[in-house]
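Sequence lines, in order, name chains A and B.
In terms of this note's numbering, the first sequence opens at residue 2 and continues consecutively.
In terms of this note's numbering, the second sequence opens at residue 26 and continues consecutively.
This report refers to the structure that appears directly beneath it.
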Amino acid sequence: MLQAGVGLALIGAGRRLGRGAFVVGAATTGLGFAWALARAGGIIDGRAVVERRPWVEGLGLTLDLRIDAFSLLMVLLVSGIGVLVHLYASRYFGAGREGMARLAGLLVLFTAAMLGVVTASNLLALYVFWELTSVTSYLLVGWNDTDARARASALQAILITGSGGLAMLGGFLLIGSAAGTYELTELVAQPPGGTQVQVGLVLVLIGAFTKSAQWPFSSWLPGAMVAPTPVSAYLHSATMVKAGVYLIARLAPAFAGEVPWRPVVLVIGLITMIGGGWRALRQYDLKRILAFGTVSQLGFMVVLFGVGIPEATAAGVVVLFAHALFKATLFLVVGIVDHQTKTRDIRALGAYGPGWNGPRISAVIAGASMAGVPLLFGFVAKEKAYESFVNSGVAGGPVVLAGLVVGSMLTFAYTGRLVLGAFRPGAAFEGLHGLEPVDSTEVPKVVDPPAPPLSFWAPAALLAALTVLLGVFPSLASGLVGAAAQSLDPAVKAKDLALWHGFNTALALSALTLAVGVLVVAAGHRVGRVQQVLRSPFDGNDVYLASLRALNRTAARVTGIVQNGSLPVYCGIILLTATLVPGLALLGAPAPNDLDLTSSPGEWAVGLLLIVAGTAAAVLRQRMAAVLCLGAVGFGMALIFVLQGAPDLALTQFAIETLGAVLFVLVLRRLPSRFDERPTALGRWLRVSVSVVVGVFVFAFALIATDVRVAPTISDEFVERSLPEGGGRNVVNVILVDFRGLDTIGEATVLVVAALGIVSITRLRPRRDGSSPSRQLDPSEVAP
Amino acid sequence: MKPSLIVDVIVRVVFHSVLVLAAYLLFAGHNQPGGGFIAGLVAGTAFGLRYGSGGIDAVRAGVRVRPWTLLGIGMFFTTTTALVPLILGGQLLEHAKVSLNLGPLGAPKVTSALPFDTGVFFVVIGMVLMLFEAFGESPLEEPKR
Chain A
2 MLQAGVGLAL IGAGRRLGRG AFVVGAATTG LGFAWALARA GGIIDGRAVV
52 ERRPWVEGLG LTLDLRIDAF SLLMVLLVSG IGVLVHLYAS RYFGAGREGM
102 ARLAGLLVLF TAAMLGVVTA SNLLALYVFW ELTSVTSYLL VGWNDTDARA
152 RASALQAILI TGSGGLAMLG GFLLIGSAAG TYELTELVAQ PPGGTQVQVG
202 LVLVLIGAFT KSAQWPFSSW LPGAMVAPTP VSAYLHSATM VKAGVYLIAR
252 LAPAFAGEVP WRPVVLVIGL ITMIGGGWRA LRQYDLKRIL AFGTVSQLGF
302 MVVLFGVGIP EATAAGVVVL FAHALFKATL FLVVGIVDHQ TKTRDIRALG
352 AYGPGWNGPR ISAVIAGASM AGVPLLFGFV AKEKAYESFV NSGVAGGPVV
402 LAGLVVGSML TFAYTGRLVL GAFRPGAAFE GLHGLEPVDS TEVPKVVDPP
452 APPLSFWAPA ALLAALTVLL GVFPSLASGL VGAAAQSLDP AVKAKDLALW
502 HGFNTALALS ALTLAVGVLV VAAGHRVGRV QQVLRSPFDG NDVYLASLRA
552 LNRTAARVTG IVQNGSLPVY CGIILLTATL VPGLALLGAP APNDLDLTSS
602 PGEWAVGLLL IVAGTAAAVL RQRMAAVLCL GAVGFGMALI FVLQGAPDLA
652 LTQFAIETLG AVLFVLVLRR LPSRFDERPT ALGRWLRVSV SVVVGVFVFA
702 FALIATDVRV APTISDEFVE RSLPEGGGRN VVNVILVDFR GLDTIGEATV
752 LVVAALGIVS ITRLRPRRDG SSPSRQLDPS EVAP
Chain B
26 MKPSLIVDVI VRVVFHSVLV LAAYLLFAGH NQPGGGFIAG LVAGTAFGLR
76 YGSGGIDAVR AGVRVRPWTL LGIGMFFTTT TALVPLILGG QLLEHAKVSL
126 NLGPLGAPKV TSALPFDTGV FFVVIGMVLM LFEAFGESPL EEPKR
């Protein structure tokens with residue numbers, strides 16, 4: 002958790018470091034990576050690293066971290082890609098740009114939170130880290146805070162993932178209370194069942210779907226592409242969006258059998274995969290192609306992990322690994338292109354000078370891996386995925402398989418669009434790949450952009466090299482991947498990854514995918530036309546905007562009804578609630594017996610004064626006179642306190658009445674000197690009846706409550722303990738400052754807040770132009 | 026408001042006496058009638074008197090710090106005395122007792138409840154002064170709304 006500290010320090014103190022802040026971030030993240038590597042051997046052998054730390058003991062919350070092989074894989078990915086992204090970012094941003102330290106600090110903070118998500122072994126701790134990633138993501142997307150689009154996108158991202166997170170918390174609580182434990186390992190080992198768990202699972206799935214940008218919650222991810230490219234590469238392709246997948250992977254082996262899980266996951270995953278791929282084919286912005294591609298790939302992973310059968314889980318691990326490698330590479334290269342050419346529009350790109358071979362080759366390799374071309378890691382992954390569904394025995398298995406194949410064809414197609422769009426191979430292919438704008442928008446070509454320096458594209462090249470290495474020798478990764486899959490589901494058989502499985506159905510399907518993919522790329526023009534006709538019906542963005550608008554409207558309306566600004570209505574509601582709720586309980590109470598009406602003559606006299614003054618206060622029309630009568634009532638009460646032997650109360654009452662009268666006078670100066678005529682007979686009648694009800698209730702309550710005490714009074718105890726423990730003879734004061742000191746602090750705080758509120762309200766002046774100080778922002782104005 | 030010489034002089038005399046009374050109530054509060062809340066209110070009435078003689082300006086002249094500063098000081102006192110025991114390994118709001126020996130003046134027992142009560146005292150005074158700030162300015166001087 003060193004990361005979090007360094008991250009905060011960077012935000013705070015790193016302003017002077019400028020770009021160097023990223024190097025510090027890389028070093029920190031690198032430490033995490035090295036640590037994980039050092040422990041890797043033991044973890045792969047099945048010895049999970051466990052660390053326990055009590056956190057909020059009162060709630061039974063512990064901060065348990067547990068790193069098994071799957072967590073290890075995630076940790077390696079998060080920290081490894083983190084290092085590269087940090088280094089990359091230090092080249093991406095020009096020297097002397099504002100806010101570098103903030104960005105670097107946030108990135109490190111995010112890394113810490115993300116590592117927390119993948120290592121937390123307690124569901125509630127996981128939730129906390131989960132939300133931390135959402136918050137840091139919000140800050141990172143909205144990093145360019147002068148850009149309204151960035152702010153709107155950031156808001157959209159946090160609203161969607163945040164509400165999903167809340168649903169997930171509800172789901173966690175339901176599942177946890179059904180199982181009696183929040184520990185992931187125990188939960189998966191002995192999964193609870195029943196309706197409660199099913200509802201909880203659906204809620205958890207909603208959370209996972211929002212985080213991993215599944216349909217219909219995917220709209221925030223393309224919007225989040227306004228973030229700087231290193232951020233997109235890191236959060237929105239390699240790590241954060243995998244959190245949902247991670248959670249599904251963790252829970253699927255145990256819960257896939259529960260009723261709603263499998264159909265929901267498979268349907269949503271497939272829709273996302275195909276819909277995302279389809280929409281990626283329509284984009285011209287490189288980053289948006291990638292974003293929709295990520296959405297599509299996430300759907301792929303959700304299907305693989307979500308189905309909950311051992312082979313698919315194993316395949317999912319491979320796909321997740323491969324995807325992190327190639328998608329990060331592509332993002333980094335796109336960032337380079339964007340940085341050097343100042344555009345990401347594929348219609349403008351294509352002409353490059355010498356020195357571009359590094360990024361180009363990296364992109365081609367990564368793209369080919371994404372498309373599933375043999376000899377690359379992506380191919381191994383895809384092969385394994387197909388294979389797991391060929392003989393799955395799951396209901397609807399063939400349909401899912403078909404969906405995966407179609408999705409992969411689309412993947413091939415948009416990968417072609419991306420790579421060919423960014424790096425046109427030359428005039429020979431002109432017209433073949435269908436990149437020409439269907440809507441004939443003329444975009445000026447960028448010619449001969451400056452070549453990027455080696456240190457800029459080295460991270461991308463490193464990842465691409467890894468993709469090739471693992472593609473040709475997949476057995477290198479099989480130890481880690483196999484152990485990871487086994488830690489998810491012990492039923493997974495340890496099987497070496499291989500490039501060549503022999504001639505089987507999976508290979509045939511791969512070949513089919515490649516063939517159709519090539520065709521779709523070649524027929525780009527026609528695809529474009531179909532796209533024009535067939536607008537995707539799954540636009541979550543409209544839904545988001547509509548619901549946001551509806552929320553604003555409802556809030557305005559509800560506020561209008563609940564807070565109508567009429568003081569009599571407020572008072573009436575408060576009084577009636579205070580009266581009726583305990584009043585109803587009084588109805589069944591026994592009638593008071595042996596009422597003691599004997600009092601001293603002094604009390605009789607004061608009582609008479611009270612009655613007269615109270616009646617006068619209610620009847621008088623002149624405000625000042627009414628206030629004075631109220632004051633008289635107060636002083637009368639104080640007299641009674643004195644007679645009953647409570648000097649403290651009396652003293653307080655006297656002081657309050659005096660001050661109250663003074664302050665009343667101050668306020669009254671601003672009001673007309675007489676009360677208005679009662680508006681209507683009905684209004685008058687209503688007020689009188691409310692007053693009578695309240696009066697009768699208080700009277701009855703006082704009579705009955707003194708008589709029906711069941712529990713022994715605590716005042717005896719207070720009186721007893723006051724001197725020895727509180728060290729004071731004034732019991733009232735000891736109660737205030739000692740026994741009930743926390744209450745007193747609360748009351749003091751209320752006083753402070755009230756005082757501030759009063760001053761700010763009375764000093765509030767409407768603006769000269771008559772507009773209200775806070776204007777409702779219409780979300781569509783700044784929508785992405 | 027027309028200033029009256031008699032009221033003015035009387036208030037000058039009484040004002041400090043009332044403040045002393047408030048201080049007495051504050052310190053005596055633990056064993057005799059009194060306490061931070063009452064003391065604050067009494068001090069508040071003292072400022073009320075000043076207001077009666079000279080308006081808001083007289084009130085402002087009576088305290089050197091602004092009312093919100095008093096509120097802050099008060100909250101600081103209460104929360105600190107509540108939290109310090111936590112740091113020292115005790116429980117929230119645990120109070121300690123010290124017996125001071127002041128020679129001929131006697132040996133009063135002092136508990137750490139006193140700073141707490143002092144905090145309440147300041148908060149109440151601050152609150153009253155804030156109210157004077159809020160409503161004390163003559164409505165005639167304000168712009169028409």
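C-beta atoms are modelled at their ideal positions from N, C-alpha and C, and glycine is treated no differently.
Asked	Found
Nearest-angstrom Cα distance between B:M152 and B:G73?	13 Å
Could you round the C-beta distance between A:A316 and A:A386 to whole angstroms and report it? I think they count as a contact, below 8 Å.	4 Å
So is B:L66 buried or exposed if we call it buried at 16+ other beta carbons inside 10 Å?	buried
If you follow the beta strand (DSSP E) that A:I366 is in, where does it begin and where does it stop?	First-last for A:I366: N358 to A372, but that is the alpha helix (DSSP H), not the beta strand (DSSP E).
Pick helix, strand or coil for A:T66, following the three-state DSSP scheme.	This sequence places Leu at residue 66 of chain A; Thr is not what is there. Here A:L66 sits in strand by DSSP.
Measure from the C-beta of A:T342 to each C-beta in chain B and report whether the shortest distance is under 8 Å.	no
For B:E162, which residues from the same chain have a beta carbon less than 6 Å from its beta carbon, with the 5 sequence-adjacent residues on both sides left out?	I81
Give the secondary structure of A:N123 by DSSP, where H, G and I count as helix, E and B as strand, and everything else as coil.	strand
Less than 7 Å between C-beta atoms, sequence neighbours within five positions excluded: which residues of the same chain meet that for A:V738?	T745
Report the rounded CA-to-CA distance for B:F160 versus B:G77, giving the unit in angstroms.	13 Å
In this structure, how does DSSP classify A:R1 when only helix, strand and coil are distinguished?	The first residue shown for chain A is 2 and the last is 785, placing residue 1 of chain A beyond what the model contains.
Are three or more beta carbon pairs between the region 118 to 138 of chain A and the region 258 to 268 of chain A nearer than 8 Å?	no
Is A:L667 close to chain D, meaning its C-beta is less than 8 Å from at least one C-beta of that chain?	Given the protein chain composition of this structure (A and B), no chain D is represented.
Closer than 8 Å by C-beta to B:A53: which residues in its own chain qualify, once you throw out the five before and the five after it? Chain order, please.	G59
Nearest chain A C-beta to B:H55 closer than 8 Å, yes or no?	yes
Spell out a yes or no on whether the region 459 to 477 of chain A and the region 284 to 298 of chain A are touching, meaning 3 or more CB-CB pairs, one atom from each, closer than 8 Å.	no
Name the residue from A:V695, A:L510, A:V643 and A:L546 whose alpha carbon lies nearest to the alpha carbon of A:V582.	A:V695
Taking the alpha-carbon positions, what's the A:E437 to A:L321 distance?	Confidence at A:E437 is low in this model, with a pLDDT of 48, below 50, so its placement is unreliable and the value that follows should be read with caution. Cα to Cα, A:E437 sits roughly 33 Å from A:L321.
Output needed in chain order: residues of the region 741 to 759 of chain A with a Cβ under 8 Å from some Cβ in chain B.	G742, L743, T745, I746, A749, T750, L752, V753, A755, A756, L757 and I759
Does any residue of chain B bring its CB to less than 8 Å from the CB of A:I310?	no
Buried or exposed for A:S692, going by 16 or more other Cβ atoms inside 10 Å?	exposed
Is A:S441 close to chain B, meaning its C-beta is less than 8 Å from at least one C-beta of that chain?	In this prediction, A:S441 has a pLDDT of 43, which is less than 50 and means its spatial position is unreliable; nothing more can be read from the coordinates.
Is A:R741 helix, strand or coil when you go by DSSP?	coil
Using a cut-off of 7 Å between C-beta atoms, extract the partners of B:V90 located in chain A.	What B:V90 touches in chain A: nothing, since even the nearest Cβ is about 14 Å away.
Classify A:Q623 as helix, strand or coil using the three-state DSSP reduction.	strand
Does any C-beta atom of chain A lie closer than 8 Å to the C-beta of B:A83?	no
Give a yes or no on whether 8 Å exceeds the smallest Cβ distance from B:P110 to chain A.	no
What is the DSSP secondary structure of A:R675, reduced to helix, strand or coil?	strand
Going by CA-CA distance only, name the one from A:P602, A:W686 and A:F665 that's closest to A:Q645.	A:P602
For chain B, find out if any of its Cβ atoms is closer than 8 Å to the Cβ of A:D770; answer yes or no.	Its pLDDT being 46, under 50, A:D770 is placed unreliably in this model, and the coordinates cannot settle the point.
For the alpha helix (DSSP H) holding A:Q215, just list the boundary residues, first then last.	Per DSSP, A:Q215 belongs to no alpha helix (DSSP H) and is neither H nor E.
Taking the alpha-carbon of A:Y285 as reference, which of A:G422, A:A323, A:T182 and A:G307 has the nearest alpha-carbon?	A:G422
Assuming contact is defined by CB atoms lying nearer than 8 Å, are A:A1 and A:G163 in contact in what I supplied?	Outside the modelled stretch of chain A, which goes from 2 to 785, sits residue 1 of chain A, for which no answer is possible.
When the cut-off is 8 Å and only beta carbons count, does B:D142 lie next to chain A?	yes
When the cut-off is 8 Å and only beta carbons count, does B:L66 lie next to chain A?	yes
Measuring alpha carbon to alpha carbon, tell me which residue in A:R688, A:T120 and A:G83 is nearest A:V109.	A:G83
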